[in-house]
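First the structure, in the form of structure tokens, and then the observations on it.
There are 2 protein chains.
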Amino acid sequence: MDLDLRKLRYFVAVADHRHFGRAAEQLYITQPVLSRQVSAFEQELECTLLVRTTRSVELTAAGKQLYEEAQGILAAVAAAVRRVHDVDHSVQRLVVAFSPGLHVSEAIRAFALRHPQVETDVVPARWWEPDAPLRDGRAQVGYLRRPFDDSGMHVIPIGHEPRVACVPAAHALACRGELTSADLAGERMLDTPTRRTSSLEEKFELIASGHGVALVPLSVARSYSRPDLVHLPVTDAPGIETCLVVLADRREKLLRDFQEIATATLRCG
Amino acid sequence: MDLDLRKLRYFVAVADHRHFGRAAEQLYITQPVLSRQVSAFEQELECTLLVRTTRSVELTAAGKQLYEEAQGILAAVAAAVRRVHDVDHSVQRLVVAFSPGLHVSEAIRAFALRHPQVETDVVPARWWEPDAPLRDGRAQVGYLRRPFDDSGMHVIPIGHEPRVACVPAAHALACRGELTSADLAGERMLDTPTRRTSSLEEKFELIASGHGVALVPLSVARSYSRPDLVHLPVTDAPGIETCLVVLADRREKLLRDFQEIATATLRCG
DNA sequence: TAAAAATACTCCATAGGTATTTTAT
DNA sequence: ATAAAATACCTATGGAGTATTTTTA
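Taken in order, these protein sequences are the chains called G and W.
Each residue of the first sequence is one higher than the last, beginning at -15 in this note's numbering.
Each residue of the second sequence is one higher than the last, beginning at -15 in this note's numbering.
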């Protein structure tokens, strides 16, 4: 009757790895246990989630749906439990979500000086859904890069950062000082938001191995710089806006204070 | 490590009843089992949720926080599991949330004629958070009465309904044909959204027993009519808007279709 | 003193482990 | 032939039951 969150977590691990053995290892249990638990989970749900062969593990349609749902459920439950603990210990906590490459530590330090009693924390936002940590309760404020779904959000623009083209060091364009969009016309672009690479490392790996090039925000290119890649300014690409974001219905003074302090800090820095 | 949703449900039952015995009865388990399970739950959370004496059960601050969180968690999990089953059985489903007293059956029948393959369902919205079923995923569309939090919502106004004063049949005002706000100036009003009576029955029970009077939408007064209460039009009270509501980021054709059909049906009816 | 929660105990289901078998490439 | 998932079997924890004790208003 009740969904078993442990088994859900086990299922997610298998879905992540597409491999029972490695998933079991990550979960610190043995493979047969994981195998049985996931089977039992499918029986409890009365629903096949995985198609197994000895060479591959694939998700069914229902499995894909559950995998999507599971991310939000597990994150929301963990955040809820932490809020309960915070209330129990009378802790005030402020969690800041940040888009890849953006740095909030300076703003948080400034905030912590004025509010030493408030516990602060950060959580990374994923590029294809930067607003998710705010919506599922993991964070109260976000320092996010557009685009994102800003419905129901109170947004303070902070700044613009230029887009740069990221290409292999061996690429014909790599020796150019700067580019225009026209220079990239013939290249295969890897920016499409359809492929949800779980990490930007993967994207840069693809670029380095010659699968294409990408237009990325400058701060992202800087954060993941590596010797076999170069990034070049694209003079006519529009800048990308970065913003401070809170849910519009949240009115706590703490959030307003953070927005104020962070706006000052981030606009200067 | 993982939150046990069964124990969470047990805790919610105890919090609802403020009584282990009656909660156990509702859960179809025995009182000692419930007592032990809730204790174990508190140990797992490392956090006291309830203050028990033999005469009363009260929530701690952490308990109150968890109780609030639990509502959303359990609803969201149940909705997610149903979506998984829907995908598994290739079912298209449309769930409509409705404010107390509003009737969606006509619109749903009209919709079902055009979309016989779509399973339809309804879920009641609670007056102090009419938008909750949409936000936690239990429903995709709402036929809701204002006020509610419409951030991130796409709202189509449907109509206005008059407010009526609901007073005991024995009350001095009960014989009047209609009232103005001035007539209610000396009365104790029960509309404050601070008291979250779980059912409107309770509110009307309070009115009937002489604890005050209330201004309610006409349809609500009609739905809960009883011999010891009368409702009277208040000529100068502003009408209350009813709306069709969907989350702004949902773009499915099915939702657009429902909005279209329901708008026509509800505006006429 | 009586109502209600907690405790003591028993039983069984199930999570976890190790050893082994099955299966598809 | 081999890698990987499934199965067999064992142990221990924990959920649920009944009977009883403790507690406080």
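Ideal placement from N, C-alpha and C gives every residue a C-beta, glycine not left out.
What you are looking at is a predicted structure, and each value in this text was computed from that prediction instead of being measured.
Beta-carbon proximity list for THR247(G), same chain, < 8 Å, skipping 5 on both sides
On the first sequence, position 263 is the one that residue 247(G) refers to. So the list reads ILE140, ILE142 and LEU228, once near-sequence residues are dropped.
Range covered by the alpha helix (DSSP H) that runs through HIS1(G)
Numbered from 1 along the first sequence, position 17 holds the residue referred to as residue 1(G). Residues -11 to 1.
For PHE242(G) versus PHE132(G), is the C-beta spacing smaller than 8 Å?
As a first step, residue 242(G) must be located in the first sequence, where it is residue number 258. As a first step, residue 132(G) must be located in the first sequence, where it is residue number 148. No, Cβ-Cβ distance for PHE242(G) and PHE132(G) is not below 8 Å.
GLY170(W): contacting residues in chain G (beta-carbon distance under 9 Å):
Locating residue 170(W) in the second sequence gives position 186, where the first residue counts as 1. Near GLY170(W) there are no residues of chain G at all, since even the closest Cβ is about 34 Å away, more than 9 Å.
Quick one: measure Cβ to Cβ for ASP120(W) and MET137(W), integer angstroms, because I've assumed they're closer than 8 Å.
For the purposes of this step, residue 120(W) is taken as the residue at position 136 of the second sequence. For the purposes of this step, residue 137(W) is taken as the residue at position 153 of the second sequence. Not confirmed; about 14 Å, so no contact.
Near-chain W residues of the region 31 to 59 of chain G (beta-carbon distance less than 7 Å), N- to C-terminal order:
CYS31, ALA45, ALA46, GLN49, LEU50, GLU53 and ILE57
Excluding the five sequence neighbours on either side, which residues of its own chain have a C-beta within less than 8 Å of the C-beta of ILE191(W), listed in chain order?
The residue labelled residue 191(W) in the question sits at position 207 within the second sequence. The residues are CYS150, VAL151, PRO152, LEU174, VAL197, ALA198 and LEU213.
Quick check on ARG147(G): does DSSP put it in helix, strand or coil?
Looking up residue 147(G) in the first sequence gives position 163. If DSSP states are grouped into helix, strand and coil, ARG147(G) belongs with the strands.
Between LEU43(W) and LEU33(W), which are expected to be in contact by the criterion C-beta below 8 Å, what is the C-beta distance as a whole number of angstroms?
Here residue 43(W) refers to the residue found at position 59 of the second sequence. Here residue 33(W) refers to the residue found at position 49 of the second sequence. Confirmed, Cβ separation roughly 7 Å.
Proximity of SER89(W) and LEU128(W) at Cβ, strictly below 8 Å:
By one-based count along the second sequence, residue 89(W) stands at place 105. By one-based count along the second sequence, residue 128(W) stands at place 144. Result no, Cβ atoms of SER89(W) and LEU128(W) do not sit closer than 8 Å.
If you measure between the beta carbons of GLU113(G) and THR226(G), is that distance less than 8 Å?
Reading the first sequence from its first residue, position 129 is the one you call residue 113(G). Reading the first sequence from its first residue, position 242 is the one you call residue 226(G). Their beta carbons are not under 8 Å apart, which means GLU113(G) does not touch THR226(G) by this criterion.
Inspect the beta-carbon positions of SER209(W) and GLY85(W) and report whether they are closer than 8 Å.
Within the second sequence, the letter at position 225 stands for residue 209(W). Within the second sequence, the letter at position 101 stands for residue 85(W). No, Cβ-Cβ distance for SER209(W) and GLY85(W) is not below 8 Å.
Mind pulling the chain W residues with CB within less than 7 Å of GLY136(G)?
The residue labelled residue 136(G) in the question sits at position 152 within the first sequence. Chain W residues near GLY136(G): SER135 and GLY136.
Starting from the beta carbon of LEU29(G), find every residue of chain W whose beta carbon is closer than 9 Å, and list them in chain order.
Position 45 of the first sequence holds residue 29(G). Result: VAL65, VAL68, HIS69 and ASP72.
Opening and closing residue of the alpha helix (DSSP H) in which ALA156(G) lies
By one-based count along the first sequence, residue 156(G) stands at place 172. No alpha helix (DSSP H) holds ALA156(G); DSSP gives it neither H nor E.
Please name the residue in TRP111(W), ARG206(W), LYS237(W) and ASP105(W) whose C-alpha comes closest to that of ALA63(W).
Counted from its first residue, the second sequence places residue 63(W) at position 79. Checking every option, the nearest Cα to that of ALA63(W) belongs to ASP105(W).
With distances taken from CA atoms, which of VAL(-2)(G), ARG66(G) and HIS87(G) is nearest LYS48(G)?
In the first sequence, residue 48(G) corresponds to position 64, counting from 1. Nearest of VAL(-2)(G), ARG66(G) and HIS87(G) to LYS48(G), Cα basis: VAL(-2)(G).
For MET(-15)(G), which residues does DSSP report across the bridge?
Taking the first sequence and counting its residues from 1, the one referred to as residue -15(G) is at position 1. Bridge partners of MET(-15)(G): none, in fact.
Buried versus exposed, by CB contacts within 10 Å (16 or more), PRO16(W):
Your numbering for residue 16(W) matches position 32 in the second sequence. Counting Cβ neighbours within 10 Å, PRO16(W) comes out exposed, since fewer than 16 surround it.
Report the residues of the region 229 to 249 of chain W with a CB closer than 9 Å to any CB of chain G, ordered along the chain.
LEU231, ALA232 and ASP233
Sort VAL61(W), ARG(-7)(W), ALA232(W) and GLN101(W) by Cα distance to LEU78(W) and report the nearest one.
In the second sequence, residue 78(W) corresponds to position 94, counting from 1. Nearest of VAL61(W), ARG(-7)(W), ALA232(W) and GLN101(W) to LEU78(W), Cα basis: GLN101(W).
Measuring straight from C-alpha to C-alpha, what distance separates ARG130(W) and GLU186(G)?
Counting from 1 along the second sequence, the entry for residue 130(W) is found at position 146. Counting from 1 along the first sequence, the entry for residue 186(G) is found at position 202. When only Cα atoms are considered, ARG130(W) and GLU186(G) end up about 47 Å apart.
Can you grab the Cα-Cα spacing for the pair THR178(W) / ARG160(W), in whole Å?
Along the second sequence, one-based indexing puts residue 178(W) at 194. Along the second sequence, one-based indexing puts residue 160(W) at 176. Reliability of the predicted coordinates at THR178(W) is poor, the pLDDT of 48 falling under 50, and the value obtained from them is presented with this limitation in mind. Distance between the alpha carbons of THR178(W) and ARG160(W) is about 30 Å.
Please state whether DSSP places PRO177(W) in a helix, a strand or coil.
Looking up residue 177(W) in the second sequence gives position 193. Note that PRO177(W) has pLDDT 49, beneath the 50 cutoff, so the model's placement of it is unreliable and the number below is only indicative. PRO177(W): coil per DSSP, three-state reduction.
Straight-line CA distance for ALA81(G) to GLY56(G)?
Looking up residue 81(G) in the first sequence gives position 97. Looking up residue 56(G) in the first sequence gives position 72. Rounded to the nearest angstrom, the two C-alpha atoms are 15 Å apart.
Report buried or exposed for ASP72(G), applying the criterion of at least 16 other Cβ atoms within 10 angstroms of its Cβ.
Your numbering for residue 72(G) matches position 88 in the first sequence. Result: buried.
What is the DSSP secondary structure of LEU86(G), counted as helix, strand or coil?
By 1-based counting over the first sequence, the position of residue 86(G) is 102. LEU86(G): coil per DSSP, three-state reduction.
Could you please tell me which residues of the region -13 to 1 of chain W, in chain order, have their CB closer than 7 Å to any CB of chain G?
LEU(-13), LEU(-11), ARG(-10) and ARG(-7)
Would DSSP call LEU190(W) helix, strand or coil?
The residue given as residue 190(W) occupies position 206 in the second sequence. Residue state, collapsed to three classes: helix.
Contacts around ALA54(W), its chain only, beta-carbon distance under 6 Å, and the 5 residues preceding and following it disregarded
The count along the second sequence starts at 1 and reaches residue 54(W) at position 70. The answer, listed in chain order, is LEU(-8) and VAL(-4).
Would you mind telling me which residues of chain W sit closer than 8 Å to VAL22(G), beta carbon to beta carbon, in chain order?
Sequence index remark: in the first sequence, residue 22(G) carries index 38 (1-based). Ordered by position in chain W, no residue passes the 8 Å Cβ test against VAL22(G), which lies about 15 Å from the chain.
Check for me: the beta strand (DSSP E) holding ILE245(W) runs from which residue to which?
For this step, residue 245(W) is matched to residue 261 along the second sequence. No beta strand (DSSP E) holds ILE245(W); the alpha helix (DSSP H) holding it covers 237 to 252.
Which class does ASP72(G) belong to by DSSP, given the choice of helix, strand or coil?
On the first sequence, residue 72(G) is found 88 positions in, with the first residue counted as 1. The answer is helix: DSSP assigns ASP72(G) an H, G or I state.
C-alpha distance - PHE25(G) paired with GLU30(W), whole-angstrom precision
Here the question's residue 25(G) lines up with position 41 in the first sequence. Here the question's residue 30(W) lines up with position 46 in the second sequence. Distance between the alpha carbons of PHE25(G) and GLU30(W) is about 27 Å.
Under a three-way DSSP split, which group does GLU171(W) fall into?
Translated into positions along the second sequence, residue 171(W) becomes position 187. Coil at GLU171(W), not helix or strand.
DSSP on ARG122(G), reduced to helix/strand/coil?
Here residue 122(G) refers to the residue found at position 138 of the first sequence. Correct three-state label for ARG122(G): coil.
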